[in-house]
Structures are given as C-alpha cells and as structure tokens.
Amino acid sequence: MAERETYLNKEYGIRSWLLTTDHKRIALLYLISITFFFFIGGFFALLIRLELLTPAGDLVQADTYNKLFTMHGMVMVFFFLIPSIPAVLGNFLVPLMIGAKDLAFPRINLLSWYLYVIAGIMMLHSIVTGGVDTGWTFYTPFSTAFSNTKVIEAGLAIFVSGFSSILTGLNFVVTIHRMRAPGMTWSRLPLFIWAHYATSIIQLLGTPVIAITLVLVVFERAFNLGIFDPNRGGDPLLFQHLFWFYSHPAVYIMILPSMGVVTEIIPCFTRKRIFGYKFVAASSIGIAVLGFLVWAHHMFVAGISLYSALIFSLLSYLVAVPSAIKVFNWTATMYKGSISFTTPMLYAFGFIGLFTMGGLTGLFLAALGIDVHVTDTYFVIAHFHYIMVGGAVMGYLAGMHFWWPKISGRMYPEWLGKFAALIVFLGFNLTFFPQFLLGYMGMPRRYWQYPPEFQVLNVLSTAGSTILAVGYILPMIYFLWSMRYGEPAPDNPWGASGLEWTTQSPPTTFNFEETPEVTWEAYDYEHIPAPEEVPVER
Amino acid sequence: MFDNFPLWPTAASTGAGNVDALYIFLVALSSFMCAAIFTMIIVFALRYRRRKGVEAEQIEGSTVLEITWSAVPLFIFLFIFVWGAAIYFAERTPPRGATEVYVVAKQWMWKLQHPEGPREINELHVPVGRDVKLIMTSQDVIHSFYVPSFRIKQDVLPGRYTTAWFRAIKPGTYHLFCAEYCGTMHSGMIGQVVVMEPNRYEAWLSGGGTSGSLAANGASMFQQLGCPTCHRSDTQGRGPNLVGVFGKPVHLEDGRTVIADEDYIRESIVAPAAKIVSGFKPIMPVFQGLVSEEQLNALVVYIKSLSPPPSGSAGQPSGLPAGAELQQPKE
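As given, the protein sequences belong to chains Y and U, one line each in that order. Sequence positions in the first sequence follow numbering that gives the first Met the number 0 and run 0 to 537. Sequence positions in the second sequence follow numbering that gives the first Met the number 0 and run 0 to 330.
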C-alpha cells in the first residue's frame, strides 16, 4: 500500500530539514533542541540536589556549585521554558488552528530557530569553558566587577536568544491578525491562540529591554563604563529595575501558553465548551498587560522606597485576579461534563492543582511584611518551581501528549503515559513542597552549605527529584518508541474540536486541501461525537 | 513550635509575631481554597465521569459568577495587601532613640560597630528589649542582612546606606545569614545575633577592649584628615559649618533641597562634587578610596553628634522612615 504523503515524508535528507520553511518541521527542530537543553538544565539540577543532601559542601566546590545553580537557571529559563510551548506547539499548531497554510513569515520562522541554535552554541561554549557564577539574575556589581567567569559570553548568548523570541512573537501576532480562514472571527479562535497572542505581545515589548540590559552589563564589564557599579558612578538598583522589567513579564511568557494548552484539553475531555470563553480570553490579555506593571515586587528589600514597594505590592495583587479567573473557569467547565481520564487530561488536572498552589503562594510573596522574611529563601524557589515546573512543564507535557498523534501520526502507549504522569506529579510534590517549609524556616537560596537543622527537608527534596527525573525520562523513551512502533493515529483520535483535527495525522506540508470556511463557534462539542473509545496501544 | 518538626523559627523580636500571624492566616486561606477547588474537581471528576448515554451539558458561562469570583478574590487580596503593608511600614520605620549599630558587609563577613566602641565580626550582641537600628553598607557587592528569628531582611548595597531595625524579646542565639548571592562563600557569610539580659550585656560591653566610641573615633579622624581647615565652627570656613547640619534641609547650588541624612554625609565625603551647598565652591577633595567604610561610619556618627542638643555618643536619630527618599536620587 502506497505510503500517504505527510510533512514528514515529503522530502528526505538533512538539507530538507535544515532549510525547511514548513512551520511543522521547524517545530520539530525546536523540539529536539529544547529537549537537549532541558536535559542539560535538568542534569545541573540533579547535581544541585545531590550536593544539598548533606549540610556540608562535600560534593563539589563552592565555585562549582555557584556555577551549577546559575547555569541551571539560565538554561532552563532562556533555552527551555521561554521557547518551549510557543516554539514547539505554537509553531506547529497556530497555522493549523486558524486554517492557514503556514505562518506569515516562514523564513523568519527558520531564522528564529537558527538564532536559537547560535545562542545555544554560545551558551554551551560558555558552560564548557568554565561556566558562569552570577546567578541567572546577573546582579551588579558582582557580575560587572567581581565575577571571574564567562559573564560576557553568557550574556551575549542570552542576548541572541532574545531575538529568536522576538521574531517568534512577531510571526504569531501578524499571522493571527492576517491569516485567519474565512469565518474564523476573533471570538471563534481557540483559546490556545488567544494565549499565544498575549504571549507574543509580551515577547515583542519586553525582550528588547533584557537585550539592552545585558548589552550594558557586557559594556560595563568589557569597557569599564560606569552604569551599574557604584565605584564607577553607577547604580546597582538601575540594573535590577531594567532586569526585572523584562524578567517578570517573562514568567508570563512561560505560563500563558501552558494555560492555553490546558484550555484546549479540558473541553475535549469533558465534551463541553469552555465555561466563560470571553472571560478566559480577556484574562490572558489582562495578565499580559498587568504583568508589565509589577516588576519591583522582586525588589521589596533591595533598597527601593517604602512608597514604591506599596504600589508594586498592590499591583501584584491585581495581576493575581485574572489567573484566579482561569482556575475557576476550568473547574466550572467540568461541571456537568462527560469526563474521561486520558494522559493529557491527567496532566491538565495536575496543572490545575499545582498552579493553584503555586499561585496562592504568590499571595504570600506579594504581602510586603511576609516577603521581607521569605524573599531570597527557598520559599521563593518553591513558589516559582510550582508554577514553572508544576504549571508550565506539566502543561507542555499535556500538550505533547494531546497533539502527539497529530504531530507524529502515532499513538503513544496510553497506560505508560498515565503512569509517567503520576510519577511526575508525585515526584514534583516531594521535591518542592518541603522547600516552602525550608524557606519559612529561614534557609536562604543559593547556599552551597547550610546549617544542619535544614537537612531532613533537603533529603526529602532530593529524593523527590530523583523520582521526578524518572517521570521526565519515560516520555522521552516512549515518544521515540512510538515513532516506529506506536499504533498509527487516526485524524482525530480524541474527537477534539479545532481545525487541526480536520487534517490527516500527520498533516501534509500545506495543511489543508482547501482553505476551510468556519461557520461554527469554538469548542463545538455539542456537534462532535466522542470517540467510541480512546485508542489504546496494545 | 513543634520541636522536632518546626514550622517556623523562634519568634524572637517584637515584629516576628505580626509576620507569623499574617502567615498563618495565609496558610489557612490557601488551605481552604485548595481544599475547596480540589474537592470540587474530585467530586466533578467522579460524578461526571464518562458514562454511556449521558451527554455533557453545554453551558456557555455566567457573567454573574465571573463578576463574583473576580470581585470576592479581589477584596480578599486587598485585605491581605493592607495587612502586609502595615507590617512592612512598621518594619521600615525605626523608632526614635534606637541604638544605632553600623554594619559593613564584605565578601564574606559581617563587620559590626557598636556606638559605644566595641567591634564585632559575624556576631552582634544586643540586650533584650532595646530598639536596635542597623545602618548598613557594603564594601564590595550587594549582600543582605537576614535574621530569620527576627523576620527581618535588608539588602546591603555598596555606595549607600540601607537600614533595618528590631527589638529582641527573647535571650538566645539566632542565625544571621547573608541572603543576597555574593560570590564564592555566600553560604559561609553567616553568623549570629546574641541577645542577652541587660545586665549581662553591660558586662559584655565593658569587658571588651578600649577602642573608643564611634563618635570619638570619628572626631579624631575628622582632625587627622584635616577637615577643620575648611569646616570651621563659624561662618568663615571655605566649607559649610557642620554643627547642627544633620537631619536638616540643605539648599544646594543647583537649586535642589535635600535632607542631610547618613547617605548625604557619606556621599559628601567620597564624592563631594555630587551635591555642592549653595554659596560654596566645589573645592572639597575627594576621599573615595582614602577612607574605609568603617572610618566613614565613624565620621558620620561624629557629624551626627554635632547636632544640638549634644548627646555624646550615638547622636540624634533622624526620625525619618528608614530609606525614605526625601533626598533627590543620585545623578
């Protein structure tokens, strides 16, 4: 039987991949590269947790430890989390979901990936030739006048990666505005698209600020200019304002796409339209806008004025409201639904639970009086890992499982998927919940050695991290396995709404045989029959 | 609280209990919210699991619900904001008359100077029940002075002063940590705050070597560096008369008015051209690099002591909220 033509087999050979302009192939190029960096960042995390098994610094030297947490942060934030969903799932799905053949600028899309790769090579080079020890936050004057490590190289690597991010954002905004199929009005867009639209606005407006800030750090260090170093007439707080002006919205770049994924999965596996479509869409935009107004909540003890601190605390509470709205809407969608417990749905449940916990601890941190005690401690580390790992990464895995049949044309083994999801959830909680307690007890962050009374909680955390590692390795293995041995996937194994599910699995290079015409609302589950049973691998 | 599995450090300062109260409220609120949401999800997951012949009910939404579950959280959040802000306001407003201890942070140790003279490294002895205000600066990078048992933390910056304050309520020895990553031995930049009964503290104070009070050291530095040449105690000097200047507004050449706080005094010594007093010329030599942070602290304390009524050692507290930006920010 002749093999059907798909975007995967249309052309073979390394050139057809490295010079592709097909958004789906570019998505896979990104998938490979970000997975590579995820394992590098994850490896650093394991070394950190191993060192922290004992109070004494006895696994690596202090300088090495300082490099480990720095590079864990830089790699995970800039080379995994920020690209992850937009560059893999966004690239793959945005054109399909709106009924387009590709993104608005396919060659710029490829350029985005090459910029990412060049930045990645620069980052890798700085790692293997000695590493960086400033913390991913590059605070001055330590980074510009005291550190003896590859600050300039790492700073430039992140600078380059920023342009990858900006171009992806640009591509999405233009595509969503200009390339929607006839009948695909703004209010019929899947909420995944709304989430990526909001994310892209942040990428476009925020990333240039971190770019110029890193350039200034490099200039101060390389050319002895006085910008952030008080010894040269500079101001260290200026650096912090500039850095956090981007890096706070950056966390919304990292979480909004995950929320978009969850908002696609829940309707599918409850067979219901999302509760409160307009409010969910508006909350994404609200988060993007308000997210630019809260940056100095990272600086409550940094030496800013009391009155500045009051304003930023107030604004931080405002930005919590749209996130809460999303959690309520997801929960309300389950009411009177018809719920099935597939792997994507399990990850979605996990996301809601862990994001809720992480988000609630944000309320602690926004409270000025509490923040004084817990900022710069493990409480903050626990808070952001609950959101970034318990939220963003679980959302990413949810999406990878949900759209895997469409991307690869294969089903992954469902029972293994569920098992790995459970391992991730348990491992995650064991790793990070003890860190809330450690933080309130007073254990500062970035500590290579620590007083003995903190050991028990650290041991629990390290134990959890080994379980979590297993949970992450399993999908890598079975996704790869499925590409050869997995059950061939039908066009729409989940009975999901969305134009991407009307194409074959995997799609052809140009996605649709004819431009679709949309005459139905999003999440039209009233008219889509549930699959008889979810196809299960053996 | 529980000895084997403590949930928080000993509450050893007047402010600690207030922080813990808000913390407990937030833990209770979060637990309640998690319980409510997780229970709902579990109940829905079971009650509405996929069953043959049972269709999902398509519900578009409910504006009333959306407004309710936006407004109610918003009110709760504003309540938390006000409570947290009140605690913070108290944390950042040292009481009048607090004893002022000068702290110099450097990679990787804490150096402390009591106004009466004793110096300590990585240890701070204080008596129970006394208000202590820390006036802190760094010799190199940003550090952060953190005493978990007091629930206080304040970044310590190079080039300016930051302040923190506490009143200890329980004798004991409490961790002092550096909480802002500062290089190789950041995790070794730790020490302790030793809180003693007042009579034992007096004994400790007099037991130390005679290094002289901070103000006395400052006075002798002032002479050694030749400051009285221009800063005479009349109006004939080439520099402003420093008697009574601390804490008062100063009119500058460029039209600005600033308050002469510790930062102003310090900057006037290390970078005198930054703010020239109206009516004077920019002729003061630059002392950056010629005096250490500790010597600067002594000079600041001495100049503070020149404000009437003369009180001898620690000088008048400025009475301003710590870190208040009444001074124009540095150019």
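We treat Cβ as the ideally placed atom computed from N, Cα and C, and that holds for glycine.
- Under the 8 angstroms criterion on CB atoms, residue 65 (chain Y) is classed as interfacial with respect to chain U.
- Assignment of beta-bridge partners to residue 102 (chain U) by DSSP yields U:111 and U:135.
- Taking 8 angstroms as the CB threshold, residue 454 (chain Y) stays off the interface with chain U.
- For residue 43 (chain U), the chain Y residues whose C-beta falls within less than 8 angstroms of its own C-beta are 330, 333, 334, 336 and 338, listed in chain order.
- In terms of beta-carbon proximity, residue 10 (chain U) stays away from the interface with chain Y, with every pair separated by 8 angstroms or more.
- Residue contact check for residue 512 (chain Y) against chain U: no CB pair falls below 8 angstroms.
- Within the stretch 339 to 372 of chain Y, the residues whose Cβ lies closer than 8 angstroms to any Cβ of chain U are, in chain order, 339, 340, 348, 351, 352, 355, 356, 359, 360, 362, 363, 365, 366, 367, 368, 369, 370, 371 and 372.
- For residue 495 (chain Y), same chain residues with a beta-carbon under 7 angstroms away, outside a window of 5 residues either side, are 267 in chain order.
- Under the three-state reduction of DSSP, residue 515 (chain Y) is assigned to coil, being neither helix nor strand.
- Closest by C-alpha distance to residue 251 (chain Y), out of Y:403, Y:84 and Y:136, is Y:84.
- The residue from Y:91, Y:103, Y:77 and Y:146 with its alpha-carbon nearest to that of residue 114 (chain Y) is Y:77.
- For residue 439 (chain Y), the enclosing alpha helix (DSSP H) stretches over residues 413 to 440.
- For residue 193 (chain Y), the uninterrupted alpha helix (DSSP H) run begins and ends at 190 to 222, by DSSP.
- Close to residue 250 (chain U), with beta-carbon spacing below 8 angstroms, lies no residue of chain Y; the smallest spacing is near 23 angstroms.
- Residues of the stretch 149 to 183 of chain U with a C-beta less than 8 angstroms from any C-beta of chain Y: 150, 151, 152, 153, 154, 156, 157, 158, 159, 161, 174, 176, 177, 178, 179, 180, 181, 182 and 183, listed in chain order.
- Using a Cβ-Cβ cut-off of 7 angstroms, residue 36 (chain U) is close to 326, 330 and 355 of chain Y, given in chain order.
- For the stretch 254 to 282 of chain U, the set of residues with a beta-carbon nearer than 7 angstroms to any beta-carbon of chain Y is empty.
- For residue 78 (chain Y), there is no enclosing alpha helix (DSSP H), as DSSP marks it with neither H nor E.
- Interface criterion met: the Cβ of residue 302 (chain Y) is under 8 angstroms from a Cβ in chain U.
- Taking C-beta atoms under 8 angstroms as the contact rule, residue 261 (chain U) and residue 274 (chain U) fail to qualify, at a distance of about 14 angstroms.
- Rounded to the nearest angstrom, the gap between the Cα atoms of residue 48 (chain Y) and residue 437 (chain Y) is 14 angstroms.
- Distance between residue 28 (chain Y) and residue 234 (chain Y), taken at the CA atoms: about 41 angstroms.
- For residue 417 (chain Y), the nearest beta carbon of chain U is not closer than 8 angstroms to its own beta carbon.
- At a cut-off of 8 angstroms between beta carbons, residue 48 (chain U) contacts chain Y.
- Following the DSSP letters along the chain, one finds residue 122 (chain U) inside the beta strand (DSSP E) bounded by residues 122 to 126.
- When the beta-carbon positions are compared, residue 177 (chain U) and residue 189 (chain U) come within less than 8 angstroms of each other.
- Within chain U, the residues placing a beta-carbon under 9 angstroms from that of residue 271 (chain Y) are 55, 56, 57 and 58, ordered along the chain.
- DSSP places residue 335 (chain Y) outside both helix and strand once states are collapsed to three, so it counts as coil.
- Here the stretch 236 to 245 of chain Y makes contact with the stretch 292 to 302 of chain Y; the two share three or more CB pairs at distances below 8 angstroms.
- For residue 106 (chain Y), the CB contacts under 6 angstroms within the same chain, skipping 5 residues up- and downstream, are 20 in chain order.
- Across the stretch 130 to 146 of chain U, CB contacts with chain Y closer than 8 angstroms involve 139, 140, 141, 143 and 145, in sequence order along the chain.
- In this structure residue 439 (chain Y) is in contact with residue 7 (chain U), their Cβ atoms being roughly 5 angstroms apart against a cut-off of 8 angstroms.
- DSSP places residue 262 (chain U) in the helix class (H, G or I) of the three-state scheme.
- Per DSSP, residue 267 (chain Y) lies in no beta strand (DSSP E) segment; the continuous alpha helix (DSSP H) that holds it begins and ends at 235 to 269.
- When the five nearest sequence neighbours on each side are left out, the beta carbons in the same chain lying within less than 8 angstroms of the beta carbon of residue 97 (chain Y) are those of 174, 175, 178, 179, 180, 183, 188, 192 and 498, in order along the chain.
- With respect to chain U, the C-beta atom of residue 62 (chain Y) has a partner C-beta closer than 8 angstroms.
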